[in-house]
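Trainee: Residue numbers for the sequence shown follow the numbering used here, so the first one is 7 and each next one is one higher. Backbone N, C-alpha and C fix where the C-beta goes; we use that ideal spot for every residue, glycine too. Being a predicted model, the structure only gives us computed values, none of them experimental.
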Amino acid sequence: VARIAIDPGHGGHDPGAKVGGFTEAGLVLDVALRLERLLLADGGFAVVLTRRTDVYVPLEERTALANREGADLFLSIHANASSNAATQGVETYFLDFALDQEAEATAARENASSARSMRELPDLVRTIALHNKLAESRDLAGSVQTALYERLRKTNRNVRDLGVKQAPFMVLIGATMPSVLAEVSFVTSRQDAALLRTDKYRQDIAAALMDGVRRYRQSLKKPPVVATR
Ligand SMILES: [Zn+2]
């Protein structure tokens with residue numbers, strides 16, 4: 007793994023989740039730029055960003071860019087929203103059909119800006135079925151999720167591990183490399199919102215995502231377990 011595509015969700019006319027003047031789009035761009043600096047400082051990575059400013063990039067264009075640039079991993083960064091101000095936690099998704107209504111609702115919210123619609127569902131279903139990096143994406147989601155939870159709980163005792171999940175996110179469709187979407191916090195949580203305004207917590211999130219990438223890379227180096235006999 008050398009070239010990492012980082013995708014800060016939303017931007018421009020699409021602020022994503024919003025509480026007062028605080029937007030998901032602004033938060034995840036800041037986290038993405040922090041993650042880029044960490045990956046470049048590490049020395050072992052090249053980075054491709056799908057956006058560097060507050061502009062809107064169509065969802066389809068984001069994976070297309072990662073494909074064109076020959077990225078080895080695609081990491082889409084988002085923040086969650088809930089009608090319940092007490093809901094907190096981190097979760098990481100890979101592309102597949104949703105297994106529960108909450109995952110379905112999260113994908114629907116994140117897909118809202120897409121020009122494609124659910125009327126294209128048959129195409130979507132075919133694309134998901136053809137997704138040939140499913141196992142790798144699930145593994146990458148596991149590495150990112152573990153890293154997020156382990157690092158953030160040191161600062162945020164109330165953070166919950168909402169786990170690795172699957173749902174049909176438009177932004178992950180068509181990626182030719184392992185690809186995941188991380189929901190790094192709830193902007194609607196009163197406690198998270200206070201932390202998310204601090205440089206330290208944003209840096210913690212970026213560092214956690216970097217841990218996740220490293221953890222995944224490390225897992226690839228382990229020799230496969232082969233039954234001997
Ligand atoms: Zn989002």
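What's the C-alpha gap between residue 216 and residue 42?
Mentor: What you label residue 216 is simply residue 210 of the sequence shown in a count that begins at 1. What you label residue 42 is simply residue 36 of the sequence shown in a count that begins at 1. Straight-line Cα distance between these residues: approximately 9 Å.
Trainee: Mind checking residue 208: buried by the 16 CB within 10 Å criterion, or exposed?
Mentor: To locate residue 208, count along the sequence shown from 1; it is residue 202. With 16 or more Cβ atoms within 10 Å of its Cβ, residue 208 is classed as buried.
Trainee: Roughly how many whole angstroms lie between the Cα atoms of residue 158 and residue 210?
Mentor: Here residue 158 refers to the residue found at position 152 when the sequence shown is read from its first residue. Here residue 210 refers to the residue found at position 204 when the sequence shown is read from its first residue. Cα-Cα distance, rounded: 7 Å.
Trainee: Taking three-plus beta-carbon pairs below 8 Å as touching, is the stretch 174-190 in contact with the stretch 69-88?
Mentor: Because the criterion of three Cβ pairs below 8 Å is met, the stretch 174-190 and the stretch 69-88 touch.
Trainee: Which runs of the beta strand (DSSP E) at least 3 residues long sit entirely within the stretch 31-60? Give them in chain order.
Mentor: The stretch 31-60 contains these whole beta strand (DSSP E) runs: 52-55.
Trainee: Going residue by residue through the stretch 59-89, where are the continuous alpha helix (DSSP H) segments of at least 4 residues, counting only ones entirely within it?
Mentor: Entirely contained in the stretch 59-89, the alpha helix (DSSP H) runs reaching 4 residues are, in chain order, 65-74.
Trainee: Using a Cβ-Cβ cutoff of less than 8 Å, which residues in the same chain neighbour residue 32 once the five nearest sequence positions on both sides are dropped?
Mentor: Locating residue 32 in the sequence shown gives position 26, counting from the first residue. If we look at residue 32 and ignore the five residues flanking it on each side, its Cβ neighbours are 21 and 60.
Trainee: Between the alpha carbons of residue 75 and residue 65, how many angstroms are there, rounded?
Mentor: Along the sequence shown, one-based indexing puts residue 75 at 69. Along the sequence shown, one-based indexing puts residue 65 at 59. Distance between the alpha carbons of residue 75 and residue 65: 16 Å.
Trainee: Who does residue 172 pair with in a DSSP beta bridge?
Mentor: Residue mapping note: residue 172 aligns to position 166 of the sequence shown, counting from 1. Note: residue 172 sits in a beta bridge opposite 100.
Trainee: Could you tell me whether the stretch 112-122 touches the stretch 151-170, using the rule of 3 or more Cβ pairs below 8 Å?
Mentor: Contact fails: fewer than three Cβ-Cβ distances are below 8 Å.
Trainee: Can we count residue 19 as close to ligand 1, meaning its CB is less than 7 Å from some heavy atom?
Mentor: Along the sequence shown, read from residue 1 onward, the residue named residue 19 stands at position 13. For ligand 1, not one heavy atom lies less than 7 Å from the Cβ of residue 19.
Trainee: For the stretch 130-140 and the stretch 192-203, state whether three or more C-beta atom pairs, one from each stretch, are separated by less than 8 Å.
Mentor: Because the criterion of three Cβ pairs below 8 Å is not met, the stretch 130-140 and the stretch 192-203 do not touch.
Trainee: What does the alpha-carbon distance come out to for the pair residue 221 and residue 150?
Mentor: Taking the sequence shown and counting its residues from 1, one reaches residue 221 at position 215. Taking the sequence shown and counting its residues from 1, one reaches residue 150 at position 144. Each residue's Cα considered, the two are about 8 Å apart.
Trainee: Let me check you understand the geometry: is the CB of residue 27 closer than 7 Å to at least one non-hydrogen atom of ligand 1?
Mentor: What you label residue 27 is simply residue 21 of the sequence shown in a count that begins at 1. The answer is no for residue 27.
Trainee: Do residue 99 and residue 192 have their CB atoms nearer than 8 Å?
Mentor: Here residue 99 refers to the residue found at position 93 of the sequence shown. Here residue 192 refers to the residue found at position 186 of the sequence shown. Cβ atoms of residue 99 and residue 192: not closer than 8 Å.
Trainee: With distances taken from CA atoms, which of 181, 107 and 153 is nearest residue 137?
Mentor: Along the sequence shown, read from residue 1 onward, the residue named residue 137 stands at position 131. Of the listed residues, the one whose Cα sits closest to residue 137 is 181.
Trainee: At a threshold of 7 Å, does residue 188 count as lining ligand 1 (C-beta to nearest heavy atom)?
Mentor: Along the sequence shown, read from residue 1 onward, the residue named residue 188 stands at position 182. Checking every heavy atom of ligand 1 against the Cβ of residue 188, none is found closer than 7 Å.
Trainee: For residue 141, is the classification buried or exposed, using 16 other Cβ atoms within 10 angstroms of its Cβ as the cut-off for buried?
Mentor: Working through the sequence shown from its first residue, we reach residue 141 at position 135. Residue 141 is exposed by the Cβ-count criterion.
Trainee: Roughly how many whole angstroms lie between the Cα atoms of residue 108 and residue 96?
Mentor: Stepping through the sequence shown from its first residue, residue 108 is reached at position 102. Stepping through the sequence shown from its first residue, residue 96 is reached at position 90. Cα to Cα, residue 108 sits roughly 14 Å from residue 96.
Trainee: Cα-Cα, which of 169, 178 and 47 is closest to residue 69?
Mentor: Here residue 69 refers to the residue found at position 63 of the sequence shown. With distances taken between Cα atoms, residue 69 lies closest to 178.
Trainee: In chain order, which alpha helix (DSSP H) runs of at least 4 residues are fully inside the stretch 171-234?
Mentor: Entirely contained in the stretch 171-234, the alpha helix (DSSP H) runs reaching 4 residues are, in chain order, 196-202 and 205-227.
Trainee: Which residues does DSSP list as the beta-bridge partners of residue 20?
Mentor: Within the sequence shown, residue 20 is the residue found at index 14, counting from 1. In the DSSP output, where bridge partners are listed per residue, residue 20 has 17.
Trainee: On the three-state DSSP scale, how would you describe residue 25?
Mentor: As a working mapping, residue 25 is identified with position 19 in the sequence shown. Three-state DSSP puts residue 25 in a strand.
Trainee: Cα-Cα, which of 13, 15, 172 and 25 is closest to residue 90?
Mentor: Within the sequence shown, residue 90 is the residue found at index 84, counting from 1. Minimum Cα distance to residue 90 is reached at 25.
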